[in-house]
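Asker: Structure below; questions to follow.
Protein chains in written order, with the working numbering: chain A, 2 to 116; chain B, 2 to 116.
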């Protein structure tokens, strides 16, 4: 945990968020600036600042965030029509919070290119 | 392997592709319709049709594709400026090949929303 990190503070319940799901390792909550009818963030509870900081030892958490996103897509009714998962790494990608997070977007047709 | 699957055929070298990296489990090649200066696809070699088909037993491969994408971002010189990873599931997300694949995009500022 990193006391200066917005998402660590959400995971610790020290900042409010609309949390929609949680297990021992990952947490999901609504994006405060949604870009689609369903727009959730899924994060590892442990502090990993950037996607590029993942190691063979920690990369397992990516699969866990994707499995959580899949469950939430199912619950939201967007699994069959479809959904997009996005991870940004670094400033040119638009990463704005330095804690690894997976965007789950759906509920509308998604365009191409993806930004 | 699925004989009718485009990406299985690429993995088997039965269809041409500009392959840029490979290990025992995953394969990376250039997208034939690139949407950014760097636009690569990273796929598991095993046939998984949809993201939503992942199970706790097979989800590990997502971490492997992300680690491969991280290495390729480093090699392409886009790791520091930044890169975006995208996975589409289903028609509304624009999934067009029914074999799980991770898009790695970078080399230009990426816009928001992501499509």
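We put the CB at the ideal spot given by N, CA and C, even for glycine. Quick caveat, the model's predicted, so the values are computed rather than measured.
#1: Run through chain B and tell me which residues come within less than 9 Å of residue 95 (chain A), C-beta to C-beta.
#2: Say whether the stretch 64 to 73 of chain A touches the stretch 36 to 54 of chain A, bearing in mind that this needs 3 or more beta-carbon pairs closer than 8 Å, one atom from each stretch.
#3: Along the stretch 63 to 79 of chain B, what residues have a CB closer than 9 Å to any CB found in chain A?
#4: For residue 38 (chain B), which option in B:61, B:113, B:9, B:79 has the closest C-alpha, if you only look at C-alpha atoms?
#5: Going by DSSP, what residues sit across from residue 29 (chain B) in a beta bridge?
#6: From residue 117 (chain A) to residue 90 (chain B), what distance separates their C-alpha atoms?
#7: How about residue 93 (chain B) and residue 107 (chain A): are their beta carbons less than 8 Å apart?
#8: Is the CB-CB distance between residue 7 (chain B) and residue 100 (chain B) below 8 Å?
#9: So which residues of chain B does residue 60 (chain A) contact, with C-beta pairs closer than 8 Å?
#10: Alpha carbon to alpha carbon, what distance is there between residue 35 (chain A) and residue 62 (chain B)?
#11: Would DSSP call residue 10 (chain A) helix, strand or coil?
#12: Name the one or two DSSP bridge partners that residue 87 (chain B) has.
#13: Which residues in the same chain have their Cβ closer than 7 Å to the Cβ of residue 3 (chain B), if we skip the five residues on either side of it in sequence?
#14: What residue from A:28, A:25, A:81, A:18 has the CA that sits closest to residue 52 (chain B)'s CA?
#15: In the DSSP assignment, find the alpha helix (DSSP H) that holds residue 75 (chain B) and state where it starts and stops.
#16: Taking just the CA atoms, how far does residue 66 (chain B) sit from residue 113 (chain A)?
#17: Report back the beta-carbon spacing between residue 87 (chain B) and residue 115 (chain A) to the nearest angstrom; my notes put them in contact at under 8 Å.
#18: With DSSP run on the structure shown, which of helix, strand or coil describes residue 97 (chain B)?
#19: Where does residue 52 (chain B) sit, in a helix, a strand or coil, going by DSSP?
#20: When the Cα of residue 29 (chain A) is compared with those of A:111, A:74, A:84, which residue comes out closest?
Answerer: Walking through what the data contain:
#1: 83, 85, 110, 111, 112, 113, 115
#2: yes
#3: 63, 64, 65, 66, 67, 68, 70, 71, 74, 75, 79
#4: B:79
#5: B:22, B:43
#6: Shown here, chain A extends from 2 to 116; a query on residue 117 (chain A) therefore has no answer.
#7: yes
#8: yes
#9: 64, 65, 67, 68
#10: 29 Å
#11: helix
#12: A:87, B:104
#13: 9, 48
#14: A:81
#15: 61 to 77
#16: 21 Å
#17: 5 Å
#18: coil
#19: helix
#20: A:74
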